[in-house]
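Read the structure below first, then the notes.
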Amino acid sequence: MSEGNRTSLLTLACFLLPFCAQQSETTGVISDITKMAESSREENVYLAKLAEQAERYEEMIEFMEKVAKTVDVEELTVEERNLLSVAYKNVIGARRASWRIISSIEQKEESRGNEDHVNTIKEYRSKIEAELSKICDGILNLLESNLIPSASTAESKVFYLKMKGDYHRYLAEFKTGAERKEAAENTLLAYKSAQDIALAELAPTHPIRLGLALNFSVFYYEILNSPDRACNLAKQAFDEAISELDTLGEESYKDSTLIMQLLRDNLTLWTSDNADDAGDDIKEASKPESGEGQQ
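Residues -26 to -1, 1 to 269 (mature numbering (1 follows the signal peptide of the UniProt record, and there is no 0)) make up the sequence shown, in order.
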């Protein structure tokens, strides 16, 4: 190599060295940030578990929302999405129960003609409804902006779309007029989207597919006042699962058979002579991977 070429290479090396060092430093920073994010995610998952044990479900939501907002790095694991579902299920479940109790008292006071009490109850019911709306809006925004777009498997897509349908349904339970109609339409769209994927990709015995059928049928019965559709959907899901029960793995056997029992309970209730008077006994799924409970 000539002296001139050697000099040129040395000059080029001196020129590139700072850039190489900078690139190496940048890569190191990115790696450190990724490790910090993973550490923070693990910590929030652990804190969510602690909050669940302490029955501090509002805080559990806060921790799991932080986890959910890291899905651009990696989508939620089955454990993480179940923790998120449990957190919201408990927070929304308490308010739904409160709303039903207050609404029942309101009806009794109206029948007695106690207008002063009725007005007081209406104000209190409005407070509960505002809380319900805030909770539903929170999870629906998270589903739309983070969870549904990041879902890569059929199972996770059905899980999140079903969850979307569930929380629009909860809005439809207490909204009135145009708002109720919009909530019902959004529920139907979400459940149908989930159903399309579930029927094509998930086994009839899969607990998420069964949980979707259970809650979808409850929507038809309670919100759309369509008992025939509710019964047809529930019966089809039950019959298809029964026909493939021998293929059910041990891992999901308990969850699947539990939801099948709930489907059968609802079918018995809806086809009985007293179905019109038994709305409070309608069953929904009780596991986070399938649905949520209603008394």
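Using N, Cα and C, we set each Cβ at its ideal position, and we do this for glycine too. Treat the numbers as computed from the prediction; the structure is a model and nothing was measured.
Inset, instruction - Taking 7 Å as the cut-off, decide whether the C-beta atoms of LYS109 and VAL65 are in contact. - result: Position 135 of the sequence shown, counted from the start, is the residue given in the question as residue 109. Position 91 of the sequence shown, counted from the start, is the residue given in the question as residue 65. One detail in the question is off: residue 109 reads as Ile in this sequence, not Lys. Note that the C-beta distance between ILE109 and VAL65 is below 7 Å.
Legend entry - DSSP three-state assignment for GLU258, whether helix, strand or coil: In the sequence shown, the residue the question calls residue 258 occupies position 284. Reduced to three states, the DSSP call for GLU258 is coil.
Legend entry - Cβ-Cβ distance between ALA215 and ILE171 below 7 Å: By one-based count along the sequence shown, residue 215 stands at place 241. By one-based count along the sequence shown, residue 171 stands at place 197. No, they are not a contact pair.
Inset, instruction - Label GLY185 either buried or exposed according to how many other C-beta atoms from any shown protein chain fall within 10 Å of its C-beta, with 16 as the threshold for buried. - result: As a first step, residue 185 must be located in the sequence shown, where it is residue number 211. Buried is the call here.
Inset, instruction - Consult DSSP for ALA164 and reduce its assignment to one of helix, strand or coil. - result: Residue 164 sits at position 190 when you count from the first residue of the sequence shown. Assigned with DSSP and collapsed to three states, ALA164 falls in helix.
Inset, instruction - Buried or exposed for ILE75, please, with buried defined as at least 16 other CB atoms from any protein chain shown within 10 angstroms of its CB. - result: The residue you call residue 75 lines up with position 101 of the sequence shown. In this structure ILE75 is exposed. Its beta-carbon is surrounded by fewer than 16 other beta-carbon atoms within 10 angstroms.
Inset, instruction - In angstroms with no decimal places, state the Cα-to-Cα distance between GLU258 and ALA187. - result: The residue labelled residue 258 in the question sits at position 284 within the sequence shown. The residue labelled residue 187 in the question sits at position 213 within the sequence shown. GLU258 and ALA187: Cα-Cα distance of roughly 10 Å.
Legend entry - Neighbourhood of ILE35 by C-beta distance below 7 Å, restricted to the same chain and skipping five residues each side: Counting from one through the sequence shown, the residue named residue 35 turns up at place 61. Excluding positions up to five away in sequence, the list reads ALA61, TYR62, VAL65.
Legend entry - Counted within 10 angstroms of its Cβ, other Cβ atoms place ALA71 as buried (16 or more) or exposed: Residue numbering aside, residue 71 sits at position 97 when the sequence shown is read from its first letter. ALA71 comes out exposed.
Inset, instruction - Look at the alpha carbon of ASN240 and the alpha carbon of GLU26, and state the distance between them as a whole number of angstroms. - result: Position 266 of the sequence shown, counting from 1, holds the residue named residue 240. Position 52 of the sequence shown, counting from 1, holds the residue named residue 26. A direct Cα-Cα distance of roughly 30 Å separates ASN240 from GLU26.
Inset, instruction - Could you check how far apart the C-beta atoms of TYR141 and ILE122 are, in whole angstroms? I think they sit under 8 Å. - result: In the sequence shown, counting from the first residue as 1, residue 141 sits at position 167. In the sequence shown, counting from the first residue as 1, residue 122 sits at position 148. With 8 Å as the limit, TYR141 and ILE122 do not qualify as a contact, their Cβ atoms being about 12 Å apart.
Inset, instruction - Given a cut-off of 7 Å, decide if ARG203 and TYR194 are closer than it, judged by their beta-carbon atoms. - result: Walking along the sequence shown from the start, residue 194 turns up at place 220. Walking along the sequence shown from the start, residue 203 turns up at place 229. Contact: yes.
Inset, instruction - Grab the span of the alpha helix (DSSP H) containing HIS142 for me, first residue to last. - result: Looking up residue 142 in the sequence shown gives position 168. In the DSSP assignment, HIS142 falls within the unbroken alpha helix (DSSP H) covering 128 to 148.
Inset, instruction - May I ask you to report which of helix, strand or coil DSSP gives PRO178? - result: Here residue 178 refers to the residue found at position 204 of the sequence shown. Coil.
Inset, instruction - Report buried or exposed for TYR227, applying the criterion of at least 16 other Cβ atoms within 10 angstroms of its Cβ. - result: Position 253 of the sequence shown, counted from the first residue, corresponds to residue 227. Here TYR227 is exposed. Its C-beta has fewer than 16 other C-beta atoms within 10 Å.
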